[in-house]
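Q: Take a look at the following structure, please.
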Amino acid sequence: MRALQIDSASVKTLGYLPPKHFRQVVSKLFELLKEPLPADARLLSGFPFYRVTVGEYRVVYDFTDTQVRVLMLGKRNDGEI
Numbered sequence: 008m009r010a011l012q013i014d015s016a017s018v019k020t021l022g023y024l025p026p027k028h029f030r031q032v033v034s035k036l037f038e039l040l041k042e043p044l045p046a047d048a049r050l051l052s053g054f055p056f057y058r059v060t061v062g063e064y065r066v067v068y069d070f071t072d073t074q075v076r077v078l079m080l081g082k083r084n085d086g087e088i
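Residue numbering for the sequence shown follows the working numbering, beginning at 8 and increasing consecutively.
Here's what the structure looks like:
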């Protein structure tokens, strides 16, 4: 099984999420460990990273055979993502 690596800004964002959204995002992160390319994953144009949408939030990540690395986590319509 792959290891999950989350950057510190994403961990901080997780701490501020309401309980319902927290459960949704964390559940998706665990799903990415099993299947890093789910049907809803999209490759970011011009970058070697993928994104998935979880409700109101977007997760930007990359993966190898041994790990899934979460690079950004934030609101879907927010200019920061």
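Backbone N, C-alpha and C fix where the C-beta goes; we use that ideal spot for every residue, glycine too.
Just grab the DSSP bridge partners of A10 for me.
A: According to DSSP, which records beta bridges pairwise, A10 is partnered with Q74.
Q: Just verifying my parser: in three-state terms, what is the DSSP assignment at L36?
A: The answer is helix: DSSP assigns L36 an H, G or I state.
Q: Confirm, please, whether the CB-CB distance from V61 to Q31 is below 7 Å.
A: Yes, these two residues count as a Cβ contact at 7 Å.
Q: Three or more C-beta pairs under 8 Å: does that hold for the segment 12 to 23 against the segment 43 to 63?
A: Flag = no, the segment 12 to 23 and the segment 43 to 63 do not touch.
Q: Can you list, in chain order, the residues of its chain with a C-beta nearer than 7 Å to that of P55? Leave out the 5 residues immediately preceding and following it.
A: Cβ within range, chain order: D69.
Q: With distance defined between alpha-carbon atoms, name the residue in A46, Y23, P45 and N84 nearest to E63.
A: Out of A46, Y23, P45 and N84, N84 has the C-alpha closest to the C-alpha of E63.
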